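Just so you know, the protein sequences line up as chains A and B, in that order.
Just so we're aligned: the first sequence equals residues 1 to 114 in our numbering.
Just so we're aligned: the second sequence equals residues 1 to 112 in our numbering.
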Amino acid sequence: EAEVAQSPRYKITEKSQAVAFWCDPISGHATLYWYRQILGQGPELLVQFQDESVVDDSQLPKDRFSAERLKGVDSTLKIQPAELGDSAMYLCASSGQGGDYGYTFGSGTRLTVV
Amino acid sequence: GNSVTQMEGPVTLSEEAFLTINCTYTATGYPSLFWYVQYPGEGLQLLLKATKADDKGSNKGFEATYRKETTSFHLEKGSVQVSDSAVYFCALGIQGAQKLVFGQGTRLTINP
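Below is the structure:
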């Protein structure tokens, strides 16, 4: 069964350092999402890509977060500088055409900022 | 705006008990509704969905009915198992945007 790959699974970083997460969606899925899930809360959309274009980044803290999907395939989410409040699970998901919300989530990257 | 409110957790039940997790929503337009499940250390998995009013989604013994008149999508299961222990998220799909809005999640623990 096809999966959304994310790496690393776990990341510990010191505050003010830079950190990056990688996501490889299911082959052929045009839409890619990055969600942030703070402990005890539901996931919150950070950024949505359609192919290589950003469709929605209204909740992305643009002063410190950036996301790219240069060739419309894999994607990188970066935080610089990291803050204590960024500690969370970062989930990537992808979906194909058809508008049926056929999301597949990756296993996530657990970030701890110390 | 669009939002989802879930029953406060955690919920602890004995095996074979009846489960209900309440979910209500606020949305513009006609959203699709979903239940996702998250097992420890894993990502979210789609459990079931309903795309229009009065639809019933079902999977693995779980059911939920899209009630437009009460803006609800409560999750039910007649007889839970220890393996159902997980965090359950209700979500709505924003019409035309392919974007999901999640509730805060309900942690379910089933004791043998």
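Backbone N, C-alpha and C fix where the C-beta goes; we use that ideal spot for every residue, glycine too.
As the structure is a prediction and not an experimental result, all values here were calculated from the model.
C-beta neighbour in chain A for residue i, strict 9 angstroms
i, result
"residue 8 of chain B", "no"
"residue 101 of chain B", "yes"
"residue 82 of chain B", "no"
"residue 97 of chain B", "yes"
Collapsed DSSP secondary structure at residue i in the structure displayed
i, result
"residue 93 of chain B", "strand"
"residue 84 of chain B", "helix"
"residue 130 of chain B", "Not covered by the structure: residue 130 of chain B. The range shown for chain B is 1 to 112."
"residue 48 of chain B", "strand"
"residue 86 of chain A", "helix"
"residue 67 of chain A", "strand"
"residue 100 of chain B", "strand"
"residue 9 of chain A", "coil"
"residue 77 of chain A", "strand"
"residue 21 of chain A", "strand"
"residue 39 of chain A", "coil"
"residue 56 of chain A", "strand"
Inter-residue Cα distance where the pair is residue i and residue j
i, j, result
"residue 35 of chain A", "residue 69 of chain B", "30 angstroms"
"residue 11 of chain A", "residue 53 of chain B", "42 angstroms"
"residue 39 of chain B", "residue 63 of chain A", "33 angstroms"
"residue 93 of chain B", "residue 94 of chain A", "14 angstroms"
"residue 65 of chain B", "residue 50 of chain B", "7 angstroms"
"residue 24 of chain B", "residue 105 of chain A", "23 angstroms"
"residue 87 of chain B", "residue 68 of chain A", "30 angstroms"
"residue 119 of chain B", "residue 67 of chain B", "Residue coverage of chain B in this structure runs from 1 to 112, which leaves residue 119 of chain B outside it and unanswerable."
"residue 107 of chain A", "residue 24 of chain A", "12 angstroms"
"residue 78 of chain A", "residue 56 of chain B", "40 angstroms"
"residue 8 of chain A", "residue 100 of chain B", "24 angstroms"
"residue 91 of chain B", "residue 4 of chain B", "7 angstroms"
"residue 32 of chain A", "residue 11 of chain B", "33 angstroms"
Where residue i meets chain A, residues with beta-carbon distance less than 7 angstroms
i, result
"residue 43 of chain B", "91, 105, 106, 107 and 108"
Beta carbon proximity, residue i to chain B, threshold 9 angstroms
i, result
"residue 24 of chain A", "no"
"residue 53 of chain A", "no"
"residue 45 of chain A", "yes"
"residue 74 of chain A", "no"
"residue 95 of chain A", "yes"
"residue 31 of chain A", "yes"
"residue 4 of chain A", "yes"
"residue 80 of chain A", "no"
"residue 48 of chain A", "yes"
Where residue i meets chain B, residues with beta-carbon distance less than 8 angstroms
i, result
"residue 41 of chain A", "104 and 105"
"residue 56 of chain A", "97 and 99"
Interface residues of chain A facing residue i [CB-CB closer than 9 angstroms]
i, result
"residue 89 of chain B", "42 and 43"
"residue 13 of chain B", "The contacting residues do not exist; residue 13 of chain B stays about 20 angstroms from chain A at best."
"residue 46 of chain B", "101, 102, 103, 104 and 105"
Contact test: residue i Cβ vs the ligand NAP heavy atom, cutoff 8 angstroms
i, result
"residue 90 of chain B", "The ligand content of the structure shown is nil, which means the ligand NAP is not present either."
Practice problem: Decide yes or no for the touch test of the stretch 73–91 of chain A against the stretch 18–30 of chain A: beta carbon pairs closer than 8 angstroms, at least 3 of them. | Solution: Contact between the stretch 73–91 of chain A and the stretch 18–30 of chain A is present: 3 or more CB-CB pairs across the two stretches fall below 8 angstroms.
Practice problem: Mind the definition here: the stretch 86–95 of chain A touches the stretch 67–82 of chain B only if three or more C-beta pairs lie below 8 angstroms; say whether that holds. | Solution: Verdict: no, contact absent.
Quiz item: Does the stretch 73–89 of chain B touch the stretch 105–112 of chain B, meaning 3 or more C-beta pairs lie closer than 8 angstroms?
Solution: yes
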